[in-house]
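*Asks:*
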Amino acid sequence: MKSSLLGQQAQECLVGLKSAVTDILMALPGNLEQPRDVYKTLGIDRMIGWNIYKLHEIEDCFLSVRHIPRKAAFKGFLRAASRKGVCDDLLSVADENFVLFENLVDMHAGDRPSMEMMLLAYSCEGTCQASIDHRKLAFTGNRFLYGLEASTRLTVSLFEPTDSPTDWKLILLKGSFGLRRNRPDIPWFYIHPRVFTEFEGNPHSPASIPLIEPLEINALPYYIEYCNCSLPSVTSSSGFVQSVKEIFPLETGNAGLMDLVFAEVLDLQKFVIDEQSSTSSKVITPCKFAAMDVIMPTSVVENSVFKPRVVSSILDESDAYNEELIDLARSILPVEPGFEILPTAELNSLEGVDNYGEIIQDLFKRRDLNPLNYSTVRISVPFPVVPSNLDITWEPITNK
Numbered sequence: 330m331k332s333s334l335l336g337q338q339a340q341e342c343l344v345g346l347k348s349a350v351t352d353i354l355m356a357l358p359g360n361l362e363q364p365r366d367v368y369k370t371l372g373i374d375r376m377i378g379w380n381i382y383k384l385h386e387i388e389d390c391f392l393s394v395r396h397i398p399r400k401a402a403f404k405g406f407l408r409a410a411s412r413k414g415v416c417d418d419l420l421s422v423a424d425e426n427f428v429l430f431e432n433l434v435d436m437h438a439g440d441r442p443s444m445e446m447m448l449l450a451y452s453c454e455g456t457c458q459a460s461i462d463h464r465k466l467a468f469t470g471n472r473f474l475y476g477l478e479a480s481t482r483l484t485v486s487l488f489e490p491t492d493s494p495t496d497w498k499l500i501l502l503k504g505s506f507g508l509r510r511n512r513p514d515i516p517w518f519y520i521h522p523r524v525f526t527e528f529e530g531n532p533h534s535p536a537s538i539p540l541i542e543p544l545e546i547n548a549l550p551y552y553i554e555y556c557n558c559s560l561p562s563v564t565s566s567s568g569f570v571q572s573v574k575e576i577f578p579l580e581t582g583n584a585g586l587m588d589l590v591f592a593e594v595l596d597l598q599k600f601v602i603d604e605q606s607s608t609s610s611k612v613i614t615p616c617k618f619a620a621m622d623v624i625m626p627t628s629v630v631e632n633s634v635f636k637p638r639v640v641s642s643i644l645d646e647s648d649a650y651n652e653e654l655i656d657l658a659r660s661i662l663p664v665e666p667g668f669e670i671l672p673t674a675e676l677n678s679l680e681g682v683d684n685y686g687e688i689i690q691d692l693f694k695r696r697d698l699n700p701l702n703y704s705t706v707r708i709s710v711p712f713p714v715v716p717s718n719l720d721i722t723w724e725p726i727t728n729k
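Residues 330 to 729, numbered by this note's numbering, are exactly what the sequence shown covers, in order.
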């Protein structure tokens with residue numbers, strides 16, 4: 330257990346409360362083997378009985394905090410147990426431990442939801458559940474504040490070799506699928522890709538061209554075949570951000586639902602793919618699911634070790650790009666991303682992107698590449714925090 334005054338006091342208090350509740354349940358007539366036995370035996374509200382049983386059943390005391398009833402409900406449980414013949418000594422111990430818990434809430438948190446949030450951080454399982462719960466809450470709030478949301482956010486980084494081992498082409502696809510506007514007249518931005526010289530900072534925008542030649546000068550690099558909407562136009566540009574005039578004319582909600590996809594070809598000069606490297610995808614639109622696919626020649630994938638990470642946007646506050654800062658940014662978001670490596674020809678689906686396989690086939694066809702020679706490294710996470718980064722690092726295998 331992580332050491333702190335709150336952790337030590339809470340563990341002692343919660344263990345005492347759980348033990349007291351268990352003693353009461355064991356003193357009741359009959360065998361209480363499931364939640365319904367509790368509320369039927371005591372004649373109390375179904376949800377209260379369910380929480381009392383879970384408080385007794387869950388071994389992790391910090392995880393059990395979510396099942397401690399409110400004061401009135403807990404007092405009702407004690408009165409019902411008394412009517413069933415449970416002795417006053419057991420009831421008094423439970424009441425005393427409940428008061429200790431209430432005092433602990435007042436001392437450290439001030440309210441029950443804040444206390445639950447704090448104590449779940451002391452439980453591995455609780456931290457994971459709290460993380461997804463709070464990311465869903467953040468999504469709900471951010472889709473109003475940002476005025477936009479998407480079903481799925483996808484980034485594809487396809488590394489294409491050239492005649493030089495230190496020069497590569499990067500085909501970069503960025504797509505928002507099931508994108509909708511929740512408020513009219515909300516500005517939207519396109520961010521150009523940036524490249525960091527690993528561990529040295531100094532981000533720069535590499536030379537790039539649209540995968541598909543645009544019809545208009547200075548247009549964004551739309552992947553037109555997979556956009557199902559009228560394409561927004563650029564109103565101004567600077568550094569790394571271009572502002573976009575309209576996504577669609579004032580249509581909010583599902584009436585204006587659309588897919589918006591971009592694709593560029595970047596020149597990566599003085600880049601050695603089989604050395605220590607990483608690539609990131611920034612999440613700037615609230616979405617239900619985000620994924621990043623890094624597609625490389627299978628020979629590179631088979632000789633590399635990959636590590637997936639979800640890191641907070643604290644990286645954007647510094648031009649330094651080092652492991653110490655990355656570890657700090659990662660620790661802020663306790664998120665374990667989904668991770669898989671498969672031959673590209675076999676990985677042909679993605680949640681929320683019905684035509685994913687068709688998109689990948691078209692990318693390879695346009696670049697005259699054979700997907701049988703490539704493998705895909707995928708990182709994914711539901712309800713990512715906005716803004717944050719999906720990040721994959723890799724380095725050569727040294728112990729072969």
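Don't be surprised by glycine CBs; every beta carbon is placed ideally from N, CA and C.
Taking the alpha carbon of residue 634 as the reference point, which residue from 334, 604 and 505 has its own alpha carbon closest?
*Replies:* In the sequence shown, the residue the question calls residue 634 occupies position 305. Residue 604 is the option with its Cα nearest to residue 634.
*Asks:* With a Cβ-Cβ cutoff of 7 Å, do residue 396 and residue 407 count as a contact?
*Replies:* Counting from 1 along the sequence shown, the entry for residue 396 is found at position 67. Counting from 1 along the sequence shown, the entry for residue 407 is found at position 78. No, the Cβ-Cβ distance between residue 396 and residue 407 is not below 7 Å.
*Asks:* Let me check understanding here. Comparing Cα to Cα, which of 448, 358, 443 and 715 lies closest to residue 411?
*Replies:* Here residue 411 refers to the residue found at position 82 when the sequence shown is read from its first residue. Out of 448, 358, 443 and 715, 358 has the C-alpha closest to the C-alpha of residue 411.
*Asks:* For residue 470, count the other beta carbons within 10 Å of its own beta carbon; 16 or more makes it buried, fewer makes it exposed. Which is it?
*Replies:* What you label residue 470 is simply residue 141 of the sequence shown in a count that begins at 1. By the neighbour-count rule (16 or more Cβ atoms within 10 Å), residue 470 is not buried but exposed.
*Asks:* Residue 512 by DSSP, collapsed to three states: which one?
*Replies:* Taking the first residue of the sequence shown as position 1, residue 512 is located at position 183. Three-state result, residue 512: coil.
*Asks:* Alpha carbon to alpha carbon, what distance is there between residue 429 and residue 435?
*Replies:* Looking up residue 435 in the sequence shown gives position 106. Looking up residue 429 in the sequence shown gives position 100. Answer to the nearest angstrom: the Cα atoms are 10 Å apart.
*Asks:* DSSP three-state call for residue 470: helix, strand or coil?
*Replies:* Taking the sequence shown and counting its residues from 1, the one referred to as residue 470 is at position 141. If DSSP states are grouped into helix, strand and coil, residue 470 belongs with the helices.
*Asks:* Which residues in the same chain as residue 700 place their Cβ atom closer than 6 Å to its Cβ, once the five residues preceding and following it in sequence are excluded?
*Replies:* Residue 700 sits at position 371 when you count from the first residue of the sequence shown. Around residue 700: 673, 674 and 693.
*Asks:* Taking the alpha-carbon positions, what's the residue 494 to residue 642 distance?
*Replies:* For this step, residue 494 is matched to residue 165 along the sequence shown. For this step, residue 642 is matched to residue 313 along the sequence shown. Taking the straight line joining both Cα atoms gives about 32 Å.
*Asks:* So, helix, strand or coil for residue 475, using DSSP?
*Replies:* Start at 1 with the first residue of the sequence shown, and residue 475 comes out as number 146. Looking at residue 475 - three-state DSSP - the assignment turns out to be coil, as it is neither helix nor strand.
*Asks:* If you check the beta carbons only, do residue 394 and residue 433 fall under 7 Å apart?
*Replies:* For the purposes of this step, residue 394 is taken as the residue at position 65 of the sequence shown. For the purposes of this step, residue 433 is taken as the residue at position 104 of the sequence shown. Not in contact: residue 394 and residue 433 (Cβ atoms no closer than 7 Å).
*Asks:* What is the DSSP secondary structure of residue 602, counted as helix, strand or coil?
*Replies:* Start at 1 with the first residue of the sequence shown, and residue 602 comes out as number 273. Coil.
*Asks:* Residues in its own chain within less than 6 Å of residue 630 by CB, not counting five upstream and five downstream?
*Replies:* Here residue 630 refers to the residue found at position 301 of the sequence shown. Around residue 630: 704.
*Asks:* With burial defined as no fewer than 16 other Cβ atoms inside 10 Å of the residue's Cβ, what is the status of residue 347: buried or exposed?
*Replies:* What you label residue 347 is simply residue 18 of the sequence shown in a count that begins at 1. Result: buried.
*Asks:* So what's residue 691 in DSSP terms, helix, strand or just coil?
*Replies:* As a first step, residue 691 is located in the sequence shown; it is residue number 362 there, counting from the start. DSSP places residue 691 in helix when its eight states are reduced to three.
*Asks:* Spell out the partners DSSP gives residue 707 in its beta bridges.
*Replies:* To locate residue 707, count along the sequence shown from 1; it is residue 378. Bridge partners of residue 707: 622 and 669.
*Asks:* Helix or strand or just coil, what does DSSP make of residue 629?
*Replies:* On the sequence shown, position 300 is the one that residue 629 refers to. Reduced to three states, the DSSP call for residue 629 is helix.
*Asks:* Would residue 718 be called buried (16 or more neighbouring beta carbons within 10 Å of its own) or exposed?
*Replies:* Reading the sequence shown from its first residue, position 389 is the one you call residue 718. Per the 10 Å Cβ criterion, buried.
*Asks:* For the candidate residues 392, 553 and 592, whose alpha-carbon lies nearest to that of residue 454?
*Replies:* Taking the sequence shown and counting its residues from 1, one reaches residue 454 at position 125. Comparing Cα positions, the closest option is 392.
*Asks:* Straight-line CA distance for residue 437 to residue 443?
*Replies:* Taking the sequence shown and counting its residues from 1, one reaches residue 437 at position 108. Taking the sequence shown and counting its residues from 1, one reaches residue 443 at position 114. Roughly 9 Å separates the two Cα atoms.
*Asks:* Going by other Cβ atoms of all chains shown within 10 Å of its Cβ, with 16 needed for buried, is residue 390 buried or exposed?
*Replies:* The residue you call residue 390 lines up with position 61 of the sequence shown. So residue 390 counts as buried.
*Asks:* Using the C-alpha atoms, what's the distance from residue 677 back to residue 691?
*Replies:* Here residue 691 corresponds to residue number 362 of the sequence shown, with the count starting at 1. Here residue 677 corresponds to residue number 348 of the sequence shown, with the count starting at 1. Approximately 12 Å, taken between the alpha carbons.
*Asks:* Do you know how far the Cα of residue 401 is from the Cα of residue 414?
*Replies:* In the sequence shown, the residue the question calls residue 414 occupies position 85. In the sequence shown, the residue the question calls residue 401 occupies position 72. Approximately 20 Å, taken between the alpha carbons.
*Asks:* Could you tell me whether the stretch 372-381 touches the stretch 456-466, using the rule of 3 or more Cβ pairs below 8 Å?
*Replies:* Too few Cβ pairs lie closer than 8 Å, so no.
*Asks:* For the ligand SAH, is there a heavy atom less than 6 Å away from the beta-carbon of residue 492?
*Replies:* Annotation note on the ligand SAH: not contained in the displayed structure, which lists no ligands.
*Asks:* When DSSP labels each residue in this structure, what does residue 614 get in the three-state scheme?
*Replies:* For the purposes of this step, residue 614 is taken as residue 285 along the sequence shown, with counting starting at 1. DSSP places residue 614 in coil when its eight states are reduced to three.
*Asks:* Rounded to whole angstroms, what's the CA-CA distance from residue 504 to residue 489? Just pull it up for me.
*Replies:* To locate residue 504, count along the sequence shown from 1; it is residue 175. To locate residue 489, count along the sequence shown from 1; it is residue 160. Roughly 20 Å between the two C-alpha positions.
*Asks:* How long is the line joining the alpha carbons of residue 335 and residue 460, rounded to whole angstroms?
*Replies:* Stepping through the sequence shown from its first residue, residue 335 is reached at position 6. Stepping through the sequence shown from its first residue, residue 460 is reached at position 131. Spanning the two alpha carbons is a distance of roughly 20 Å.
*Asks:* Give me, in chain order, the residues of the same chain whose beta-carbon lies closer than 6 Å to that of residue 600; leave out the 5 immediate sequence neighbours on both sides.
*Replies:* Position 271 of the sequence shown, counting from 1, holds the residue named residue 600. Answer for residue 600: 497, listed in chain order.
*Asks:* Give me the residue from 684, 710, 446 and 660 with the minimum Cα distance to residue 507.
*Replies:* Within the sequence shown, residue 507 is the residue found at index 178, counting from 1. The shortest C-alpha separation from residue 507 is found at 684.
*Asks:* With a CB to CB cut of under 7 Å and the five nearest residues on each side skipped, what residues in its chain are close to residue 560?
*Replies:* Numbered from 1 along the sequence shown, position 231 holds the residue referred to as residue 560. Correct list, in chain order: 551.
*Asks:* Whole angstroms is fine: what's the gap from residue 623's alpha carbon to residue 702's?
*Replies:* Taking the first residue of the sequence shown as position 1, residue 623 is located at position 294. Taking the first residue of the sequence shown as position 1, residue 702 is located at position 373. Approximately 14 Å between the Cα atoms of the pair.
*Asks:* According to DSSP, which residues form a beta bridge with residue 482?
*Replies:* Reading the sequence shown from its first residue, position 153 is the one you call residue 482. Per DSSP, 505 and 619.
*Asks:* Could you check whether residue 708 and residue 608 sit closer than 7 Å to each other, using their CB atoms as the reference points?
*Replies:* As a working note, residue 608 is residue 279 in the sequence shown. As a working note, residue 708 is residue 379 in the sequence shown. Result no, Cβ atoms of residue 608 and residue 708 do not sit closer than 7 Å.
*Asks:* CB-CB under 8 Å to residue 370, same chain, minus the five flanking residues each way: which ones, in chain order?
*Replies:* Locating residue 370 in the sequence shown gives position 41, where the first residue counts as 1. If we look at residue 370 and ignore the five residues flanking it on each side, its Cβ neighbours are 357, 358, 359, 361 and 413.
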